[in-house]
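S.K.: Protein chains in written order, with the numbering used here: chain A, 35 to 393; chain B, 35 to 393.
Right, dumping it as structure tokens:
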């Protein structure tokens, strides 16, 4: 039995750590040759739906790169699919729903999900992965936030402009609030079920938070992110809220959601994020620009150390500020991880403690 | 001879105005049936290259909607095209360069542009439009900022990830700085030529500023935006810098570029933008979310008034926070414009003056 590495969970609780834990969003992904080998045997959705395959790729970055947490391989769109929307993921096109929902009438087509029924494959993958990990590192479950899922469900596909989804917010707020509320309940239940199936922390991705201006973010995204997080919190494990593009709202997200850890995107100044984390007593996770992994390993080390110097402190979890890109060399990901793992956090923590005492 | 409307130019200089001037980015665009009628006769690039057609659509929003400024119909990609890159704009695909530049060697293919030679069509359109306007409203010229053009020129097309262009910043800074510097000189010269051809103000669009984290924005975008603006300023007309997605940098943009007016995107809190404008003594232009024009006319009025209450004051120019979308009803655009034109700015201006005196 390997020694358990609980750095990640201690950081989630703002407990002292010797060095920051590190993992990477999309760490089970195409930049790994071992992932691509599995992906050649099965398409993306089949991988999500097959617990053995999901478990295999979830473990890869733990075993190959030594990251300090695993995150279950799945997709945020499994929830709308389980609610009855026909999901396809085509190479080069991305995910699509053949039958977007855009009216109150369309909502009658959606069903509420019993996770152990409609999302059993995801929960089985968590159980299988948790067993295979044997406590080596903690396992993270996740789901998409209501606004982000709303955008996919109404657009029917990825978008740059959000013209359909945002038109609905402005032109049909009744429909919008109804659908957002329904998604929040379903996602919240799903997150609780993930904790029951073995997830030791839960991350909520509001990937398209940045598509909303402050006023609409506060009306249509934040309340439903908060509702989802509040349901998730009843499971008793740490909750991470990540709303890329809404860095300005970090403080409001901390207050409204009651989350344990604030995810920070790469747009956000890391020193500023540290300030919000301390002011709100939350953990903080992020935020190297994934494109910085295109630099040379020596440059990656320097950039990672600059980030660490700005953001390390109580509750810090090192990560990228967005998912790792598919064409990044593995050696470059390794340079990032190793730099974090060589960093000594004790000075940052004792400085923070001294500041606490001094207050 | 109609009475000249110089509200826009007075606002650019932070002079008192009775009400804010208003225009809309992409106001000569597909939401207008009269624009679509012209567009049916000619493709997008032909319209750019034919001064009679460019003039016709530039005048449409002035004549149909009564906006307080005209902006010449053209495209930011005419500069890379004039530098020797083969540009195509296909329906549904968007603009593409067949031969992206990605190495120092590729740069040998690019030529420096003599505006009255390679960009004469754009300057002729300015001259023709200025004549046709007969002083009714001021005429704005524009160009793309170096980082935004760099991204198009290296990607070869639009992108969500900026993986090619940002990889170059991180992996080949020598190439990147060389190309950015060269673009800045060419765009700067083009802007000066636009003023000589009749443009009474110049707007620089750094449309993809939001793709960079603060550190890279400060290294690769801001210095070249600043260089471009400084060259443009020698023409003696007001310069507007618009860097959507970099609202956090408004103060730095004011300092570095010496611009007269700060463009503000729809992500940015309008009250905060007003604060930056007053602190830096600049004009400020924006920033209603273009998607807000999907709301009902009554709701558009309320949202526009909320924005005006937050941001009106010295140097304010009402606009959207991004280009108007093609499927917005004309009546909704009209509701926005009429709400601004019915607004009384005298209170905001005298409050600002009182605050000045009180300091």
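C-beta: ideal position from N, C-alpha, C; glycine also.
All figures in this text were calculated on a predicted structure; none of them were measured in a lab.
(1) Are at least three pairs of beta-carbons, each pair with one atom in the segment 333-346 of chain A and one in the segment 367-377 of chain A, less than 8 Å apart?
(2) With a 10 Å radius around its C-beta and 16 neighbouring C-beta atoms as the bar for buried, classify residue 42/A as buried or exposed.
(3) Counting only beta-carbon atoms, is residue 325/A nearer than 8 Å to chain B?
(4) At 4 residues or longer, what runs of the alpha helix (DSSP H) sit wholly inside the segment 131-200 of chain B?
(5) From residue 150/A to residue 157/A, what distance separates their C-alpha atoms?
(6) Residues of chain B with CB under 7 Å from residue 261/A, in chain order?
(7) My output table needs one value for residue 322/A: the three-state DSSP class, helix, strand or coil.
(8) So, are the CB atoms of residue 62/B and residue 95/B less than 8 Å apart?
(9) I'd like to know whether the C-beta atoms of residue 175/B and residue 153/B end up nearer to each other than 8 Å.
(10) For residue 194/B, go through chain A and note every residue whose CB falls closer than 9 Å to its CB, in chain order.
(11) Kindly indicate which three-state DSSP category residue 40/B falls into: helix, strand or coil?
(12) For a contact defined as C-beta to C-beta under 7 Å, what are the partners of residue 300/A on chain B?
(13) Suppose contacts are defined by Cβ-Cβ distances below 8 Å. Is residue 274/B in contact with residue 298/B by that definition?
(14) In the DSSP output, what is residue 353/B paired with across the bridge?
(15) Would you report the Cα separation of residue 290/A and residue 93/B, rounded to the nearest angstrom?
(16) Leaving out the 5 sequence neighbours to the left and right, which residues in its chain are closer than 6 Å to residue 308/B when beta-carbon positions are compared?
(17) Can you check whether the C-beta of residue 315/A is within less than 8 Å of a C-beta belonging to chain B?
(18) Would residue 307/B pass as an interface residue toward chain A - the criterion being a Cβ-Cβ separation below 8 Å?
(19) Does chain B have any CB closer than 8 Å to the CB of residue 359/A?
(20) 8 Å is my cut-off, CB to CB: does residue 201/A come that close to chain B?
(21) If you drop the 5 nearest sequence neighbours on each side, which residues of the same chain put their C-beta closer than 6 Å to that of residue 242/B?
(22) Return the first residue and the last residue of the alpha helix (DSSP H) that residue 338/A is part of.
(23) Buried or exposed for residue 90/B, please, with buried defined as at least 16 other CB atoms from any protein chain shown within 10 angstroms of its CB.
(24) Just the Cα atoms here: how many angstroms apart are residue 235/A and residue 285/B?
(25) Between which two residues does the alpha helix (DSSP H) carrying residue 312/B extend?
(26) Does residue 329/A come within less than 8 Å of chain B when only Cβ atoms are used?
(27) Quick one: is residue 385/B buried, meaning 16 or more other Cβ sit within 10 Å of its Cβ, or exposed?
(28) Report all residues from its chain with a CB closer than 8 Å to the CB of residue 248/B; omit the five preceding and five following residues, and keep chain order.
(29) As a quick exercise: from 277/B, 172/B and 217/B, pick the residue whose alpha carbon is nearest that of residue 38/B.
(30) May I have the straight-line CA-CA distance separating residue 137/A from residue 51/B, to the nearest angstrom?
(31) Pull out every residue of the segment 279-291 of chain B whose Cβ sits closer than 7 Å to any Cβ of chain E, in chain order.
(32) Against chain B, with Cβ distances strictly below 8 Å, would residue 370/A count as a contact?
(33) Check residue 393/A in the structure and name its three-state DSSP category.
(34) CA-CA distance, residue 393/A and residue 341/A?
(35) Counting only beta-carbon separations shorter than 8 Å, does residue 243/B have a partner in chain A?
(36) In three-state terms, what does DSSP make of residue 51/A?
M.R.: Well, looking at it:
(1) yes
(2) buried
(3) yes
(4) 138-141, 149-152, 154-167 and 180-189
(5) 7 Å
(6) Neighbours of residue 261/A on chain B: none; closest Cβ ~23 Å, over 7 Å.
(7) strand
(8) yes
(9) no
(10) 192 and 194
(11) coil
(12) 247
(13) no
(14) 321/B
(15) 48 Å
(16) 345 and 347
(17) no
(18) no
(19) yes
(20) yes
(21) 182 and 185
(22) 331-345
(23) buried
(24) 39 Å
(25) 304-314
(26) yes
(27) exposed
(28) 282 and 283
(29) 172/B
(30) 45 Å
(31) As a matter of chain content, chain E is missing from the structure shown, whose protein chains are A and B.
(32) no
(33) Low confidence applies to residue 393/A: its pLDDT is 48, below 50, so where it sits in the model is not reliable enough to give any reading.
(34) Unreliable placement is indicated for residue 393/A, whose pLDDT of 48 sits below 50; the coordinate value is still reported in the next sentence. For residue 393/A and residue 341/A, the distance between alpha carbons rounds to 26 Å.
(35) no
(36) coil
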